[in-house]
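**Student:** Mind having a look at this structure? Questions to follow.
In the working numbering, the protein residues as written are 5 to 110.
Below, the structure written as structure tokens:
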């Protein structure tokens, strides 16, 4: 799953011992960061589900200004668990309803 791969790619940048990522743009300019939004912005992502992860980070950055990596990791885990449930035969609408109820209780 493309979205899970994106989440895994930035997972190691999280926390006080998070690793920096070296980014090279199309002009060859190098930058080093551990900011999830910056990392995702520089990635050339084509897959629609993976692009959704970039939008999660952008929305988090626009709204709060921090927590982009955490948001993407959580979204990736939710998608991963949803995939497991679908493989067990649970309909996607049931999964979505469950996620909505959990969000309301949180």
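Note that the Cβ used here is the ideal one computed from N, Cα and C, for glycine as well.
Apart from the five residues just before and just after residue 96, which ones in its own chain have a Cβ nearer than 7 Å to its Cβ?
**Tutor:** The residue you call residue 96 lines up with position 92 of the chain shown. Same-chain partners within the cutoff: 90.
**Student:** Classify residue 25: buried if its beta carbon has 16 or more other beta carbons within 10 angstroms, exposed otherwise.
**Tutor:** Taking the first residue of the chain shown as position 1, residue 25 is located at position 21. So residue 25 ends up on the buried side.
**Student:** Between which two residues does the alpha helix (DSSP H) containing residue 16 stretch?
**Tutor:** For the purposes of this step, residue 16 is taken as residue 12 along the chain shown, with counting starting at 1. No alpha helix (DSSP H) holds residue 16; DSSP gives it neither H nor E.
**Student:** Three Cβ pairs or more, each shorter than 8 Å: is that satisfied between the region 57-71 and the region 17-34?
**Tutor:** Not touching, per the Cβ criterion.
**Student:** Could you name the residues that DSSP lists as bridge partners for residue 36?
**Tutor:** As a working note, residue 36 is residue 32 in the chain shown. Residue 36 pairs with 26.
**Student:** What are the start and end residues of the alpha helix (DSSP H) that includes residue 66?
**Tutor:** On the chain shown, residue 66 is found 62 positions in, with the first residue counted as 1. Its alpha helix (DSSP H) spans residues 52-67.
**Student:** Mapping DSSP to helix, strand and coil, what is residue 86?
**Tutor:** By 1-based counting over the chain shown, the position of residue 86 is 82. Note: residue 86 maps to helix in three-state DSSP.
**Student:** For residue 14 and residue 76, which I take to be in contact (beta-carbon distance under 8 Å), what is that distance rounded to the nearest angstrom?
**Tutor:** As a working note, residue 14 is residue 10 in the chain shown. As a working note, residue 76 is residue 72 in the chain shown. Indeed they touch by this definition, with Cβ atoms about 6 Å apart.
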